[in-house]
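Peer 1: These protein sequence lines are chains A and B, in that order.
The first sequence begins at 89 in this note's numbering and counts up by one.
The second sequence begins at 89 in this note's numbering and counts up by one.
Note that beta-carbon positions come from the ideal geometry of N, C-alpha and C, so glycine has one too.
Being a predicted model, the structure only gives us computed values, none of them experimental.
Quick one: structure below, then a few questions.
2 protein chains.
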Amino acid sequence: MEFGFLNGDGPSSLLVLSSRIRIARNLKDYPFPYRATETLRKEILEKTRQAVQTEEALKILQFMELDSFSALEKQVLLENHLVSPNFIQESKGKGIFLHLPTTISMMVNEEDHLRVQCLTSGLNLEKGWSILNRLDDLLENHLSFAFHESWGYLSAFPTNLGTGLRASVLLHLPALVFLQAMPGLIQSLNQMGIVVRGFYGEGTESQGYFFQISNAFSLGPSEEEIVSRMSTTANQVIQQELESRERMKKNQPVLIIDRIWRSFSILKSARLINSAEAMEHLSLTRMGVQMGILPEIPVKSLNELMRMTRSANLQKELKEEVDALKRDEMRADYLRNSLANFS
Amino acid sequence: MEFGFLNGDGPSSLLVLSSRIRIARNLKDYPFPYRATETLRKEILEKTRQAVQTEEALKILQFMELDSFSALEKQVLLENHLVSPNFIQESKGKGIFLHLPTTISMMVNEEDHLRVQCLTSGLNLEKGWSILNRLDDLLENHLSFAFHESWGYLSAFPTNLGTGLRASVLLHLPALVFLQAMPGLIQSLNQMGIVVRGFYGEGTESQGYFFQISNAFSLGPSEEEIVSRMSTTANQVIQQELESRERMKKNQPVLIIDRIWRSFSILKSARLINSAEAMEHLSLTRMGVQMGILPEIPVKSLNELMRMTRSANLQKELKEEVDALKRDEMRADYLRNSLANFS
Numbered sequence: 089m090e091f092g093f094l095n096g097d098g099p100s101s102l103l104v105l106s107s108r109i110r111i112a113r114n115l116k117d118y119p120f121p122y123r124a125t126e127t128l129r130k131e132i133l134e135k136t137r138q139a140v141q142t143e144e145a146l147k148i149l150q151f152m153e154l155d156s157f158s159a160l161e162k163q164v165l166l167e168n169h170l171v172s173p174n175f176i177q178e179s180k181g182k183g184i185f186l187h188l189p190t191t192i193s194m195m196v197n198e199e200d201h202l203r204v205q206c207l208t209s210g211l212n213l214e215k216g217w218s219i220l221n222r223l224d225d226l227l228e229n230h231l232s233f234a235f236h237e238s239w240g241y242l243s244a245f246p247t248n249l250g251t252g253l254r255a256s257v258l259l260h261l262p263a264l265v266f267l268q269a270m271p272g273l274i275q276s277l278n279q280m281g282i283v284v285r286g287f288y289g290e291g292t293e294s295q296g297y298f299f300q301i302s303n304a305f306s307l308g309p310s311e312e313e314i315v316s317r318m319s320t321t322a323n324q325v326i327q328q329e330l331e332s333r334e335r336m337k338k339n340q341p342v343l344i345i346d347r348i349w350r351s352f353s354i355l356k357s358a359r360l361i362n363s364a365e366a367m368e369h370l371s372l373t374r375m376g377v378q379m380g381i382l383p384e385i386p387v388k389s390l391n392e393l394m395r396m397t398r399s400a401n402l403q404k405e406l407k408e409e410v411d412a413l414k415r416d417e418m419r420a421d422y423l424r425n426s427l428a429n430f431s
Numbered sequence: 089m090e091f092g093f094l095n096g097d098g099p100s101s102l103l104v105l106s107s108r109i110r111i112a113r114n115l116k117d118y119p120f121p122y123r124a125t126e127t128l129r130k131e132i133l134e135k136t137r138q139a140v141q142t143e144e145a146l147k148i149l150q151f152m153e154l155d156s157f158s159a160l161e162k163q164v165l166l167e168n169h170l171v172s173p174n175f176i177q178e179s180k181g182k183g184i185f186l187h188l189p190t191t192i193s194m195m196v197n198e199e200d201h202l203r204v205q206c207l208t209s210g211l212n213l214e215k216g217w218s219i220l221n222r223l224d225d226l227l228e229n230h231l232s233f234a235f236h237e238s239w240g241y242l243s244a245f246p247t248n249l250g251t252g253l254r255a256s257v258l259l260h261l262p263a264l265v266f267l268q269a270m271p272g273l274i275q276s277l278n279q280m281g282i283v284v285r286g287f288y289g290e291g292t293e294s295q296g297y298f299f300q301i302s303n304a305f306s307l308g309p310s311e312e313e314i315v316s317r318m319s320t321t322a323n324q325v326i327q328q329e330l331e332s333r334e335r336m337k338k339n340q341p342v343l344i345i346d347r348i349w350r351s352f353s354i355l356k357s358a359r360l361i362n363s364a365e366a367m368e369h370l371s372l373t374r375m376g377v378q379m380g381i382l383p384e385i386p387v388k389s390l391n392e393l394m395r396m397t398r399s400a401n402l403q404k405e406l407k408e409e410v411d412a413l414k415r416d417e418m419r420a421d422y423l424r425n426s427l428a429n430f431s
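Have a look at this one:
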């Protein structure tokens, strides 16, 4: 699989894993998914499918019922940021439309009837928005969305009223964590109407010092304003992270160089490694590459290693379901072989 | 400095760091050191010095008053197994005679008037005994030792009555530790009249999975019997350690290979490492070399790395007294550079 949003060609792609734009839409005359019967949800699914099949430019989207995925495949979707943790809890009457090269995914019957998202590499919200804006128009040619003159697009959850738009950026902030600056940063972002979440968005933990920032509300400013504000904020946070790295390098150079080289060496030598430890070392390796401490490893490779060492992705790639110990061994082998040429 | 006992040329030298023979002797007509005044202790020191200077073959022994050593230098003596921890606690009226190539050291006014020891590389008690036996005869040409027809050589502590001889072997037993076999082994050795001690002998902890075994009593069997029994026992313990390694390799190959490669890689990449961590990784590296998991590093190099990364030795070699952080950095640099050619 080729994931466009992991190819590392976007701006600041060592510090920003990906940018994500998503819109929430609901069909007129249907109850929200949590109140709809399975029959009704299937009807919504079918209507959406017809819309996509009718519109020439949308035919690139590949449709699959969520029920057709195995538990492992659902986990793969999640690890690749294509669905929310919430979406895969229950499968009945749900479906997904995918186009991996542009990384468009549309969840049908998540919290809203449609949750359409576009992921891009690095800090590139504008690109995502332009793709999604066009996609929204094309869908609207064939579907009638619930819309209120004052409230804008209606949504099952009030924070998504208005534009129904969320702009998110997945930032790599190890230095801010090490210097214990995250609590203060989160507080000031909150005051600006920006929320900070974990690696898989809402309700998830930070992993490998990655944090997702996104707008808390979608009512009020225009889509362009939301996107532009989030870009500006992300750039400011990146700046703070870079300054923190400089400060660490200046104040405690050996400490940070030691930590980074140890991480890199463990990835290059371990014979057993679990997912959390791999994430930790890949994260420090990523920082080491950005800081010029480690050899230059392409961002695309770093992204791909991070993706591939997640448990479900690893098992899928290796085409066998294995126990945890064997998986840790395969993960270590994969990492060691992939990094063998860098030293 | 060249330490004969670390050159790695003795039998089983990957599994046995060193063998040690020591005899306890006391001069007739003088109280034991703990009851002697400083003036008397100095007299004993002087008598010994004259004996050594008079006997041509003993002139190789270099004499130094313990008072002439700095605190760092005393620590260096201890780290190099040339003195006991007890000996350097207090300096007044104490002295030491040294010959490093054969690693003979004679402490004057430790627990007994004379504690003479010879260290050899690997499992080589017989060689140590033959050197020390001759040295004892030469000393006796000029000194009258306290001797009792039934009790043999008298000593300040009852376990040293008789031959006054202790034969010790410093064994590397990580697999027996990992397989939790040490408590059982210690118990059965105790029942055979053999004591198990730490890295620096009596009252010290095990470090890097090294254990010192030695005879508990020196009264009864002849010197040759003590030496021969200790050799046999050491060989049996080595056999048990080797069998344990085989078992680990058979039952959990990846686990042990992972652990060994991680240790080796950390030594090759860390920029900061404290003495205890260095010892741990050098110990696993030593096992990895013996098991054929790691590249062949000469035993002499492994021994020298272990010696040189002890704090006092490191500081002495680097000719500067530095704080702990700087020392950890120098230790890491030393290890990294020394192991750069092995991969």
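1. Show which residues of chain B have a CB atom less than 8 Å away from the CB atom of Val387(A).
2. Assuming Leu270(B) and Leu277(B) form a contact by the criterion Cβ under 8 Å, report the distance between their Cβ atoms to the nearest whole angstrom.
3. Mind checking which residues open and close the beta strand (DSSP E) that includes Leu253(B)?
4. Looking at the structure shown, is Val164(A) part of a helix, part of a strand, or coil, going by DSSP?
5. Could you compute how far the alpha carbon of Ser389(B) sits from the alpha carbon of Glu126(B)?
6. Does chain A have any CB closer than 9 Å to the CB of Trp217(B)?
7. Please return the same chain residues whose Cβ sits closer than 7 Å to the Cβ of Ile266(A), not counting the five positions on each side in sequence.
8. My understanding is that Thr251(B) touches Ser316(B), with C-beta atoms under 8 Å, so please give their C-beta distance in whole angstroms.
9. Could you name the residues of chain B that Leu343(A) contacts, counting a contact when the two beta carbons are closer than 9 Å?
10. Please classify Ala263(B): is it buried, with 16 or more other beta-carbons within 10 angstroms of its beta-carbon, or exposed?
11. Comparing alpha-carbon positions, which option in Phe352(A), His369(A), Ile109(A), Ala145(A) lies nearest Asn229(A)?
12. Looking only at its chain, what residues have a beta carbon closer than 8 Å to the beta carbon of Gly308(B), apart from the 5 residues adjacent to it on each side?
13. Looking at C-alpha atoms only, which residue of Leu259(A), Phe120(A), Pro246(A) is the closest neighbour of Met375(A)?
14. Hey, quick one: how far does the alpha helix (DSSP H) through Ala112(B) stretch, first residue to last?
15. Quick one: grab the DSSP three-state call for His201(B).
16. Contact criterion: CB-CB distance below 9 Å. Does Asp346(A) meet it with respect to chain B?
17. If I'm right that Val204(A) touches Arg110(A) with Cβ under 8 Å, what's the distance once you round it to whole angstroms?
18. What does a CB cutoff of less than 7 Å around Ile345(B) pick up in its chain, not counting 5 residues either side in sequence?
19. Anyone know if the C-beta pair for Gln300(A) and Val257(A) falls short of 9 Å?
20. I think Leu226(B) touches Thr136(B), with their Cβ atoms under 8 Å apart; what is that distance to the nearest whole Å?
21. Consider the Cβ of Lys356(A): report whether some Cβ of chain B lies at a distance smaller than 9 Å.
22. Confirm, please, whether the CB-CB distance from Glu312(B) to Trp239(B) is below 9 Å.
23. Give, in chain order, every unbroken run of the alpha helix (DSSP H) that is at least 4 residues long and sits entirely within the region 142-194 of chain B.
24. Check whether chain A comes within 9 Å of Arg350(B), counting only Cβ atoms and requiring the distance to be less than that.
25. Between Gly181(A) and Arg123(A), how many whole angstroms is the CB-CB distance? I'm expecting something under 8 Å.
26. Judging by CA-CA distance, which residue of Pro246(B), Asn95(B), Leu360(B), Val104(B) is the nearest neighbour of Gly296(B)?
27. For Leu188(B), collect the residues of the same chain with a Cβ closer than 8 Å to its Cβ; drop the 5 residues on either side in sequence, then sort them by chain order.
28. What is the residue span of the beta strand (DSSP E) that Arg398(B) lies within?
29. Any idea if Glu368(B) is buried or exposed, counting beta-carbon neighbours within 10 angstroms, 16 or more meaning buried?
30. Using a Cβ-Cβ cut-off of less than 8 Å, give me the residues of the region 162-187 of chain A that come near chain B, in sequence order.
31. Could you list which residues in chain B have their beta carbon closer than 9 Å to that of Glu134(A), in chain order?
32. Skipping 5 residues on each side, what residues in its chain have a beta carbon closer than 6 Å to that of Gly210(B)?
33. Which word fits Ser371(A), buried or exposed, when buried means at least 16 other C-beta atoms lie within 10 angstroms of its C-beta?
34. Under 9 Å Cβ-Cβ, which residues of chain A neighbour Glu365(B)?
35. List the residues of chain E whose Cβ lies closer than 9 Å to the Cβ of Ser353(B), in chain order.
36. From the DSSP secondary-structure annotation, give me the bridge partner or partners of Val283(B).
Peer 2: The answer reads as follows:
1. Position 299 of the first sequence, counted from the start, is the residue given in the question as residue 387(A). The premise fails here: Val387(A) is roughly 23 Å from chain B at the closest Cβ pair, so nothing lies under 8 Å.
2. By one-based count along the second sequence, residue 270(B) stands at place 182. By one-based count along the second sequence, residue 277(B) stands at place 189. It is Met, not Leu, that sits at residue 270(B) in the sequence shown. Between the beta-carbon of Met270(B) and that of Leu277(B) there is about 10 Å, and that puts the pair past the 8 Å contact cut.
3. If you number the second sequence from 1, residue 253(B) lands on position 165. First-last of the beta strand (DSSP E) with Leu253(B): 253-260.
4. On the first sequence, residue 164(A) is found 76 positions in, with the first residue counted as 1. Under the three-state reduction of DSSP, Val164(A) is assigned to helix.
5. By 1-based counting over the second sequence, the position of residue 389(B) is 301. By 1-based counting over the second sequence, the position of residue 126(B) is 38. Here the alpha carbons of Glu126(B) and Ser389(B) stand approximately 42 Å from one another.
6. Position 129 of the second sequence, counting from 1, holds the residue named residue 217(B). Judged by the 9 Å Cβ criterion, Trp217(B) is not in contact with chain A.
7. As a working note, residue 266(A) is residue 178 in the first sequence. According to the sequence as given, residue 266(A) is Phe; it is not Ile. The answer, listed in chain order, is Met336.
8. Here residue 251(B) corresponds to residue number 163 of the second sequence, with the count starting at 1. Here residue 316(B) corresponds to residue number 228 of the second sequence, with the count starting at 1. Not confirmed; about 13 Å, so no contact.
9. Sequence index remark: in the first sequence, residue 343(A) carries index 255 (1-based). Under the 9 Å cutoff, chain B gives Arg359, Leu360, Leu413.
10. Position 175 of the second sequence, counted from the first residue, corresponds to residue 263(B). When all chains shown are included, Ala263(B) counts as buried.
11. As a first step, residue 229(A) must be located in the first sequence, where it is residue number 141. Here the closest residue by C-alpha is Ala145(A).
12. To locate residue 308(B), count along the second sequence from 1; it is residue 220. Only Gly250 meet the Cβ criterion.
13. Translated into the one-based positions of the first sequence, residue 375(A) becomes position 287. Among Leu259(A), Phe120(A), Pro246(A), the Cα nearest to that of Met375(A) belongs to Leu259(A).
14. Residue 112(B) sits at position 24 when you count from the first residue of the second sequence. Residue range 104-113 is occupied by the beta strand (DSSP E) that includes Ala112(B), with no alpha helix (DSSP H) assigned at that position.
15. The sequence position of residue 201(B) within the second sequence is 113, counting from 1. Looking at His201(B) - three-state DSSP - the assignment turns out to be coil, as it is neither helix nor strand.
16. As a position in the first sequence, residue 346(A) is number 258, starting the count at 1. Chain B, which has a Cβ nearer than 9 Å to the Cβ of Asp346(A), makes this yes.
17. Your numbering for residue 204(A) matches position 116 in the first sequence. Your numbering for residue 110(A) matches position 22 in the first sequence. Between Arg110(A) and Val204(A) the Cβ distance is about 6 Å, and since that is below 8 Å, they are a contact.
18. Counting from one through the second sequence, the residue named residue 345(B) turns up at place 257. The residues are Ile381.
19. By one-based count along the first sequence, residue 300(A) stands at place 212. By one-based count along the first sequence, residue 257(A) stands at place 169. Yes, these two residues count as a Cβ contact at 9 Å.
20. Locating residue 226(B) in the second sequence gives position 138, counting from the first residue. Locating residue 136(B) in the second sequence gives position 48, counting from the first residue. Between Leu226(B) and Thr136(B) a beta carbon distance of about 12 Å is seen, past the 8 Å cut, so the two are scored as non-contacting.
21. Here residue 356(A) refers to the residue found at position 268 when the first sequence is read from its first residue. Cβ-Cβ to chain B under 9 Å: yes for Lys356(A).
22. The residue you call residue 239(B) lines up with position 151 of the second sequence. The residue you call residue 312(B) lines up with position 224 of the second sequence. At the C-beta level, Trp239(B) and Glu312(B) stay beyond 9 Å of one another.
23. Entirely contained in the region 142-194 of chain B, the alpha helix (DSSP H) runs reaching 4 residues are, in chain order, 159-167.
24. Taking the second sequence and counting its residues from 1, the one referred to as residue 350(B) is at position 262. Answer yes: the Cβ-Cβ gap between Arg350(B) and chain A drops below 9 Å somewhere.
25. Here residue 181(A) refers to the residue found at position 93 when the first sequence is read from its first residue. Here residue 123(A) refers to the residue found at position 35 when the first sequence is read from its first residue. Separation of the CB atoms of Gly181(A) and Arg123(A) is rounded to 12 Å, and the pair is thereby denied contact status at 8 Å.
26. Taking the second sequence and counting its residues from 1, the one referred to as residue 296(B) is at position 208. Here the closest residue by C-alpha is Val104(B).
27. Taking the second sequence and counting its residues from 1, one reaches residue 188(B) at position 100. For Leu188(B), same chain residues with a beta-carbon under 8 Å away, outside a window of 5 residues either side, are Met89, Glu90, Phe91, Gly92 in chain order.
28. Counting from 1 along the second sequence, the entry for residue 398(B) is found at position 310. Careful: Arg398(B) lies outside any beta strand (DSSP E) and carries neither H nor E.
29. Start at 1 with the first residue of the second sequence, and residue 368(B) comes out as number 280. Of the other Cβ atoms in all chains shown, 16 or more fall within 10 Å of the Cβ of Glu368(B); this residue is therefore buried.
30. The residues in question: there are none.
31. Numbered from 1 along the first sequence, position 46 holds the residue referred to as residue 134(A). The contacting residues do not exist; Glu134(A) stays about 50 Å from chain B at best.
32. Counted from its first residue, the second sequence places residue 210(B) at position 122. The beta carbon of Gly210(B) sits closer than 6 Å to the beta carbons of Gly98, Pro99, Ser100, Ser101, Val104 from its chain, once the five residues preceding and following it are set aside; these are given in chain order.
33. Taking the first sequence and counting its residues from 1, one reaches residue 371(A) at position 283. When all chains shown are included, Ser371(A) counts as buried.
34. Here the question's residue 365(B) lines up with position 277 in the second sequence. Ordered by position in chain A, no residue passes the 9 Å Cβ test against Glu365(B), which lies about 11 Å from the chain.
35. You won't find chain E in this structure, because its protein chains are A and B.
36. Numbered from its first residue, the second sequence carries residue 283(B) at position 195. Answer is Ser302(B).
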